[in-house]
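Each remark here refers to the structure printed beneath this line.
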Amino acid sequence: MKYKHNILFCSLVGCMLWAGAVQAQSPLNVPEELSTLSTSSVKGEQLLKMPTTNFTNSLFGLLPGLTVLQGGGMDNASLNIRGLGSYNYPSVTYFIDGYQSDFILLSPSEIESITVLKDAAALAPFGMKGAHGIVWITTKRGTEGKPVVGVDFQTGVQMPTVLSKPLSATEYAQLYNEAYSNDAGAWTSFYNIPNDVKYNTDWYDKVLKKSTLFDRQDVSIRGGSANTKYFVLLGHAGNSGLYASKNDDSHSSGRFDQYLVKANLDFSMLKIFEGNVNINGRIEDRKSPNYNEYKLWQNLASYPNIIYPAQNPNGSFPGTAIHPDNPYASIRALGIKQLHDRTLGANFNLKEKLDFITPGLYIQQGVSLSSWTRGTRIVSRDYSRMFNGVAQTTHRDSNYKVNDDWGTNQWNRLQFLLGAGYAREFGQNTFQTAVNYLQYVYNIDDNLNGKAGLNNNYAYQNIGGRVFYDWNKRVSAEFGFAFGGSDNYKKGNRFGFYHALSAAYQVFNEQHPSANANINRLKLRASVGTTGNDVYNEGRYLYERYYGSYGGGGFATGNDDPSWHSAIGLKYVPNERIFAEKAYKYNIGVEAKFFNKWDVMIETFLNKHKGIITPDYSISSVFGATPPYKNIGKVTNRGFEVSTLYSNAAGKLTYSIGANASFAKNKIDYMAEYDATSESSAQTGRPIGTRFGYEAAGFYDINDFDSNGNLLPSLPKPSFGNVAPGDVKYRDLNGDNRIDPADKTEIGKSYLPTLTYAGTLNLGYEGFDLGVLVQGVQGREVNLLDDARQKTVAFENNGNVYAIAKNRWAYYPAQGIDTRSSAQYPRLSLLSNNNNTQPSTLWIKKANYLRVRYIELGYSVPKRMLDEIGVSKLRIYVNAANPFTFSSLLTDYDLDPEVLSGYPALKSVTMGVSLKF
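Numbered per the numbering used here, the sequence shown spans residues 900 to 1816.
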């Protein structure tokens, strides 16, 4: 396969792999107590306490330094390591069993451990893939011993954590009358209540089930001999879907099924060869109503209860020209959409131990192949929108038709590894070194490739290595490096060098005990170094010339009233020197253990990101073209992490209490932004994602207007259109007696929290065990206009009205309505009101929360009772996931603080059985 911008594969003499074990690209085989790296790890069994088919939704509060943002339903959670270091919103990089992957729909059942790599010492050998952290995933492997068969069953119910419902039809009509009167200038009723309130359709109740079934079944076998070890897993997990629809060839409730098979084999022979073969296959079937799911949830939120019933008495479905897509009919009358995903991956690794040359020397080779395909099958029909016996639109009932694309979406990835290493102890000296060569090629369909589009062939090379030394298990040092290149850049400018130096000092440990018996271990470590990032979400090959109908594509003719004519023009000025972003990372850590029971870890870090790819808007507009992209952006990101765990026993009771907290705050040092209209509205000097807008100063009152309804000249005049009593009033920050963009200022924080924290409690008593995890965030804010607009702006686009609007400004004394003194929401209107929907402090709300992630109670049957039936382990448990949430957003606005709109986050109650024999 040829790639236009590929880096040619080459065989390099002397290129070596920096793995201490056969697993490709793994860190050196350095004992944890001697390591100089900053990492956080969690075992796979911990992930099973959150019932999900996607492991990213199981990571909340488990890994210091990792911030997890919930996705709706079965969507991937968004992961950030140590906050944000770039305003291009980069993603973390994933490695599975030593090879890079971005397909992360792994089942928790197949994961042995997850490690987050955080500092330069851990990340520098990854070259251009390490700047924003790495999630290193290791799947389960065989062990020496008799075959052990494991069987796990889990089943239960899942339901939305929060369903924000609109007001009833009667309340809708009451507030509609008020909005209608506001627009008319005097009290006028549109609805005659209760006669005109004929329907009160709870669309959420009609479209959604109260709960959905979740089930998981896994069967595994694990064992092996000294020369051969194996792990085989067959698994299934499913969710029956939330939609209140039957399941057949033309309907679906939104069912999801995941089937997986995994086989990991390790072998050794002739005392020279060690190798492994990892094979995994996965099938994922998604069945849903044949209607855009995003739009369905929009309609659920925006279609008023009062408009029509869910279904007509004769079985037809109502609809109107204004509200044509009856949500109930959308799940029952349009057919079914089926997605069939298939993933296949295989890794082959071989290691040759060259002890006959010198003890500890080895070479290694590896190859990884993976592919994914998606097939889409749609069974579709249409239905007539009937109201009062009359068709309201041109839609008509039709027969079913089938469209099957037989699989048109796909990607494939191929990776090669070559390497060698050396490990040896000389008296009190321990020495390890390893270097690798990686060749990576990746191809993805252009419709899945974001803004890069047809530039869908990727190639990457990296030579990475580590050198580790320890003296007397007391002083450790490590040097890591990488020379990596990406085909995103022009030939001759594709490679960069990255490096890191780290050290650790064991003040106290088992070999060097403290005079104070209560101090069991004290370790200091530090690291400094660089790493890179070659991913830019806005496109690739920024050194090339690209033309289009925008970015200079057009010209004007005429004098007094010129006409614009579209044409092809240069999209942006190319930059032949464009290159990868670079991160300078500094880290200091302290690890300690006291009383043989209490572990403590404290870390602080400073990351300075430079060369961030940025459009150079500092160039004057008279330049006459869209400016080039340059490596000119700078961001500083700093913070700290703390974790602690206390474990003890009191008689037969064992217990452990743990907590962790991660704080990260960034600042944009430079981004070549457009000239800000005021210093207070500049992004430079502020955190990424800072929200800008106007300072709300209450609402206009009737005394702010003259007898003709004109705003008094002594008050600043808004530039957003005419205003009336009850509209939002803004502060004139620059004192020019106008409200315009020059008055914009910082009004809110980013969506990404600055502080993430968690606490755990684990108890054990005579076979019973209890586990609890709570997790929360601070320093996060949302804009209701952006994140929950349909649940915020009343009657917009003939939409709904929610409880937030009950606090509106209103003054109709003859009707006994006067909310002026307590109003927290502007006057109601059926018309578009540009003034009231400006970004302002009125709509910025704190999104801090504390959520109980799980409570699990289990019982392990005593071994003496199991021996008679040939079972070695039997555990029964019940689990509640996401059962409780505490947040001002939930209390004040009935909004889930993590997923404010769309498909909701889920909570669950399940029970399970785990046995081994």
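Quick reminder that beta carbons are idealized off the backbone N, C-alpha and C, glycines included.
Just so we're clear, the structure is a prediction, and the values are computed from it rather than from any experiment.
- Do the CB positions of residue 1566 and residue 1534 come within less than 8 Å of each other? Counting from 1 along the sequence shown, the entry for residue 1566 is found at position 667. Counting from 1 along the sequence shown, the entry for residue 1534 is found at position 635. Yes, these two residues count as a Cβ contact at 8 Å.
- On the three-state DSSP scale, how would you describe residue 1258? Numbered from 1 along the sequence shown, position 359 holds the residue referred to as residue 1258. Residue state for residue 1258 is assigned as coil, using DSSP reduced to three classes.
- Query: Can you list, in chain order, the residues of its chain whose CB lies under 6 Å from that of residue 1532, leaving out five sequence neighbours each side?
  - Reply: For this step, residue 1532 is matched to residue 633 along the sequence shown. Correct list, in chain order: 1511, 1513, 1570.
- Query: Which whole-angstrom value describes the C-beta separation of residue 1335 and residue 1363, a residue pair presumed to lie in contact below a C-beta threshold of 8 Å?
  - Reply: Position 436 of the sequence shown, counted from the start, is the residue given in the question as residue 1335. Position 464 of the sequence shown, counted from the start, is the residue given in the question as residue 1363. Indeed, because the Cβ distance is near 6 Å, the residues count as touching under 8 Å.
- Query: Do you know whose CA, among 1302, 1193, 1039, 1170, lies nearest residue 1234's CA?
  - Reply: By 1-based counting over the sequence shown, the position of residue 1234 is 335. The candidate whose alpha carbon is nearest that of residue 1234 is 1302.
- Task: Write down every uninterrupted run of the beta strand (DSSP E) in the segment 927 to 969 whose length is 3 residues or greater and which is fully enclosed by it, in chain order.
- Result: DSSP runs (the beta strand (DSSP E)) wholly in the segment 927 to 969: 938 to 942, 965 to 968.
- By Cβ distance below 6 Å, which residues in the same chain neighbour residue 1671 in space, the five residues on each side in sequence not counted? In the sequence shown, the residue the question calls residue 1671 occupies position 772. The beta carbon of residue 1671 lies closer than 6 Å to those of 1660, 1754 in the same chain, with the five residues before and after it left out.
- Query: Can the beta-carbon of residue 1479 be found closer than 8 Å to that of residue 1508?
  - Reply: Indexing the sequence shown from 1 puts residue 1479 at position 580. Indexing the sequence shown from 1 puts residue 1508 at position 609. No, the pair does not count as a contact, with Cβ atoms beyond the cut-off.
- Message: According to DSSP, is residue 1363 part of a helix, a strand, or is it coil?
- Response: If you number the sequence shown from 1, residue 1363 lands on position 464. In this structure, residue 1363 counts as strand in the three-state DSSP scheme.
- Message: For residue 1803 and residue 1059, which I take to be in contact (beta-carbon distance under 8 Å), what is that distance rounded to the nearest angstrom?
- Response: Translated into positions along the sequence shown, residue 1803 becomes position 904. Translated into positions along the sequence shown, residue 1059 becomes position 160. That pair is a contact at about 4 Å.
- Count the other CB atoms, across all protein chains shown, that sit within 10 Å of the CB of residue 1374; report buried if there are 16 or more and exposed otherwise. Counting from 1 along the sequence shown, the entry for residue 1374 is found at position 475. Exposed.
- In terms of residue numbering, what span does the alpha helix (DSSP H) encompassing residue 1226 cover? In the sequence shown, the residue the question calls residue 1226 occupies position 327. Secondary structure note for residue 1226: its alpha helix (DSSP H) is the uninterrupted segment 1226 to 1231.
- Message: Which residue marks the beginning of the alpha helix (DSSP H) containing residue 1197, and which one marks its end?
- Response: Sequence index remark: in the sequence shown, residue 1197 carries index 298 (1-based). Residue 1197: member of the alpha helix (DSSP H) spanning 1192 to 1201, first to last residue.
- What first and last residue would you give for the alpha helix (DSSP H) that runs through residue 1401? In the sequence shown, the residue the question calls residue 1401 occupies position 502. Unbroken run through residue 1401 is the beta strand (DSSP E), 1394 to 1407; no alpha helix (DSSP H).
- Message: Buried or exposed, going by whether 16 or more other CB atoms sit within 10 Å of the CB of residue 1010?
- Response: Your numbering for residue 1010 matches position 111 in the sequence shown. Buried, since its Cβ has 16 or more Cβ neighbours within 10 Å.
- Nearest-angstrom Cα distance between residue 921 and residue 1173? Here the question's residue 921 lines up with position 22 in the sequence shown. Here the question's residue 1173 lines up with position 274 in the sequence shown. Low local confidence applies: a pLDDT of 35 at residue 921 is under 50, so the model's placement there is unreliable, with the coordinate-based value given in what follows. When rounded, the distance between both Cα atoms is 7 Å.
- Going straight from the alpha carbon of residue 1350 to that of residue 1357, what length do you get? Position 451 of the sequence shown, counted from the start, is the residue given in the question as residue 1350. Position 458 of the sequence shown, counted from the start, is the residue given in the question as residue 1357. A straight line joining the alpha-carbon of residue 1350 with that of residue 1357 spans about 14 Å.
- Residue(s) in a DSSP beta bridge with residue 1614: Against the sequence shown, residue 1614 aligns to sequence position 715. DSSP lists no beta-bridge partner residue for residue 1614.
- Message: Determine whether the beta carbon atoms of residue 1676 and residue 1654 lie at a separation below 8 Å.
- Response: Counting from 1 along the sequence shown, the entry for residue 1676 is found at position 777. Counting from 1 along the sequence shown, the entry for residue 1654 is found at position 755. With respect to the 8 Å criterion, residue 1676 and residue 1654 are classified as neighbours on the basis of their beta carbons.
- With distances taken between CB atoms, is the gap from residue 1345 to residue 1353 smaller than 8 Å? Position 446 of the sequence shown, counted from the start, is the residue given in the question as residue 1345. Position 454 of the sequence shown, counted from the start, is the residue given in the question as residue 1353. Taking a C-beta distance under 8 Å as the contact criterion, residue 1345 and residue 1353 qualify as a contact pair.
- Query: Which residue from 1758, 1697, 1698, 1792 puts its Cα closest to that of residue 1706?
  - Reply: Numbered from 1 along the sequence shown, position 807 holds the residue referred to as residue 1706. Checked all of 1758, 1697, 1698, 1792; the closest Cα to residue 1706 is 1792.
- Item | Per-residue DSSP class, three states only, for residue 1305 | To locate residue 1305, count along the sequence shown from 1; it is residue 406. Looking at residue 1305 - three-state DSSP - the assignment turns out to be coil, as it is neither helix nor strand.
- Message: Please report the straight-line C-alpha distance between residue 1774 and residue 1593, rounded to a whole angstrom.
- Response: Residue numbering aside, residue 1774 sits at position 875 when the sequence shown is read from its first letter. Residue numbering aside, residue 1593 sits at position 694 when the sequence shown is read from its first letter. Each residue's Cα considered, the two are about 57 Å apart.
- Message: So, at 8 Å on beta carbons, what are the nonlocal neighbours of residue 1436 in its own chain, with the 5 sequence-adjacent residues on each side left out?
- Response: On the sequence shown, residue 1436 is found 537 positions in, with the first residue counted as 1. Counting only Cβ-Cβ distances below 8 Å, and skipping sequence neighbours, we find 987, 988, 989, 1349, 1350.
- Reference residue 1146, options 1232, 1046, 927, closest by Cα: Taking the first residue of the sequence shown as 1, we reach residue 1146 at position 247. When each option's Cα is compared against that of residue 1146, the closest is 1232.
- Task: Could you tell me the boundaries of the beta strand (DSSP E) in which residue 1035 lies?
- Result: Residue numbering aside, residue 1035 sits at position 136 when the sequence shown is read from its first letter. Per DSSP, residue 1035 belongs to the beta strand (DSSP E) from 1033 to 1038.
- Determine the DSSP secondary structure at residue 1602, reduced to helix, strand or coil. For the purposes of this step, residue 1602 is taken as residue 703 along the sequence shown, with counting starting at 1. Residue 1602 falls in the helix class under three-state DSSP.
- Message: Taking only three categories from DSSP, how would you classify residue 1296?
- Response: As a first step, residue 1296 must be located in the sequence shown, where it is residue number 397. In the structure shown, residue 1296 sits in coil (DSSP, three-state: anything other than H, G, I, E or B).
- With 16 as the cutoff for other CB atoms within 10 Å, does residue 1097 come out buried or exposed? Here residue 1097 corresponds to residue number 198 of the sequence shown, with the count starting at 1. With fewer than 16 other Cβ atoms within 10 Å, it is exposed.
- Look at the alpha carbon of residue 1327 and the alpha carbon of residue 1368, and state the distance between them as a whole number of angstroms. The residue given as residue 1327 occupies position 428 in the sequence shown. The residue given as residue 1368 occupies position 469 in the sequence shown. Whole-angstrom Cα-Cα distance: 11 Å.
- Could you check what DSSP says for residue 920 in three-state terms: helix, strand or coil? Looking up residue 920 in the sequence shown gives position 21. Per-residue confidence for residue 920 stands at a pLDDT of 35, beneath the threshold of 50, marking its modelled position as unreliable; no derived number is given.
- Would you say the beta carbon of residue 1195 comes nearer than 7 Å to a heavy atom of the ligand MN? In terms of ligand content, the structure shown is empty, and the ligand MN therefore cannot be addressed.
- Query: For residue 1152, which option in 1313, 1142, 1161 has the closest C-alpha, if you only look at C-alpha atoms?
  - Reply: As a first step, residue 1152 is located in the sequence shown; it is residue number 253 there, counting from the start. Minimum Cα distance to residue 1152 is reached at 1142.
- Message: Contact between the segment 1606 to 1616 and the segment 1632 to 1648 is defined here as three or more beta-carbon pairs at a separation below 8 Å; is this criterion met?
- Response: Of all C-beta pairs linking the segment 1606 to 1616 to the segment 1632 to 1648, three or more are shorter than 8 Å, placing the two stretches in contact.
- Task: Determine which residues share a DSSP beta bridge with residue 1136 and list them.
- Result: Position 237 of the sequence shown, counting from 1, holds the residue named residue 1136. Per DSSP, 1115, 1157.
- Item | Bounding residues of the alpha helix (DSSP H) (the contiguous stretch that carries residue 1661) | Taking the first residue of the sequence shown as position 1, residue 1661 is located at position 762. Residue 1661 -> not in any alpha helix (DSSP H); beta strand (DSSP E) instead, spanning 1654 to 1664.
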